[in-house]
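Beneath this line is the structure, given in structure tokens, with notes to follow.
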Amino acid sequence: MDSLRRSIGRVLALATITMACSAANWLPLESDGVHDPTAPGVKHLQQPAEALKVLPPDTTGNHVRWVEALEKGAINPRDRLFSKAPTQIREDDILLNLNGGMPIVRFPHRAHTLWLDCGNCHDHLFKAKAGANKFSMFAILQGEQCGVCHGAVSFPLTECSRCHSVARSGPSRVPAASPGGGAAPATR
Ligand code: HEC
Ligand code: HEC
Ligand code: HEC
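Count along the sequence shown from 1, add 1160, and you get the number used in the numbering used here.
Written out as structure tokens, the structure reads:
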């Protein structure tokens, strides 16, 4: 439970930042529609533009590449709320959408478990077994599955190629010899 709280804290922090500056430019806190411009405390808060401009830039969302920022040590968020909460990083990638028309979707566990506890996804969103879940882009666009977070607290769904990132014609990645798509280590 503690580890769940730890990651919920992180996601909430990310959500706050996302909501605060989802426009093309970072809006001042006074005009972001979230903060009360008449509140005396607002002028004591750091402005998003000042806080975020030093981080690896993105062209979308809240204009920060968060995974890069974390991997480079540009940010060092607390990874737990309670000192005894365990943390666990998982390194494997899972390939999804082996039979569709779009490029294959690479789901990286690492980029997620750097922020999130396993319990944020398993098992209420996804069964922890490659191929055991039925994904659908339609459901994702409705805010389900990956769309619970992407488009809300993490990079937006308009960034097709960040998920559909593995070319089908790539020399070694395509399980062409296996019609069922079973050649890659963790696929569906
Ligand atoms: C957050 C990750 C993510 C993003 C961003 C994303 N997709 Fe998907 N997409 C998926 C997943 C996961 C599936 C389901 C794979 C499966 O059916 O097994 C999928 C499936 C699809 C499918 C059906 C399967 C196929 O390849 O024909 C289409 C079409 C599709 N996506 C188009 C898009 C387009 C266009 C965009 C950008 C506007 C986009 N997706 C953005 C994750 C994503
Ligand atoms: C952001 C969501 C998310 C988080 C967080 C997450 N996973 Fe997963 N996990 C997935 C998805 C998506 C799959 C692929 C399921 C599929 O193919 O249908 C998966 C698959 C798995 C599998 C099956 C692998 C295989 O090859 O069969 C295991 C085991 C697993 N996860 C364990 C974990 C553990 C342990 C953690 C925490 C350290 C974790 N996951 C964190 C989304 C997540
Ligand atoms: C519980 C929330 C959550 C769910 C569910 C989730 N993601 Fe993510 N994802 C994140 C967060 C947070 C990040 C890191 C912040 C960012 O890149 O916007 C991330 C990052 C990523 C990245 C890496 C981006 C990079 O810069 O390296 C990919 C790719 C990705 N997600 C794909 C997926 C796919 C595909 C699914 C569904 C199978 C999915 N995610 C489900 C929260 C989630």
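Note that beta-carbon positions come from the ideal geometry of N, C-alpha and C, so glycine has one too.
Remember, predicted model here, so these are calculated numbers, not experimental data.
- Less than 8 Å divides the Cβ of residue 1263 from the Cβ of residue 1324.
- For residue 1271, the CB falls within less than 7 Å of some heavy atom of ligand 3.
- Rounded to the nearest angstrom, the gap between the Cα atoms of residue 1196 and residue 1210 is 19 Å.
- The three-state reading of DSSP puts residue 1269 in helix, counting H, G and I together.
- For residue 1243, the three-state secondary structure derived from DSSP is coil.
- Taking a cut-off of 8 Å on C-beta distances, the region 1283-1293 does not touch the region 1236-1244, as fewer than three cross pairs fall below it.
- In terms of CA proximity to residue 1292, 1257 leads the group 1257, 1317, 1208.
- Excluding residues up to 5 positions away in sequence, 1269, 1273 lie with their Cβ nearer than 6 Å to the Cβ of residue 1250 in the same chain.
- The chain-ordered list of residues whose CB is nearer than 5 Å to some heavy atom of ligand 1 reads 1256, 1257, 1260, 1261, 1262, 1265, 1295, 1297, 1306, 1310, 1317, 1320, 1323.
- Residue state for residue 1204 is assigned as helix, using DSSP reduced to three classes.
- Distances taken from the Cβ of residue 1289 to the heavy atoms of ligand 2 include one shorter than 7 Å.
- Counting other Cβ atoms within 10 Å of its Cβ, residue 1246 stays below 16 and is therefore classed as exposed.
- Here residue 1220 is near residue 1318, since their CB atoms are less than 8 Å apart.
- In the three-state DSSP reduction, residue 1227 falls in the helix class (H, G or I).
- Around the C-beta of residue 1252, fewer than 16 other C-beta atoms lie within 10 Å, and the residue is accordingly described as exposed.
- The DSSP-derived three-state label of residue 1329 is coil.
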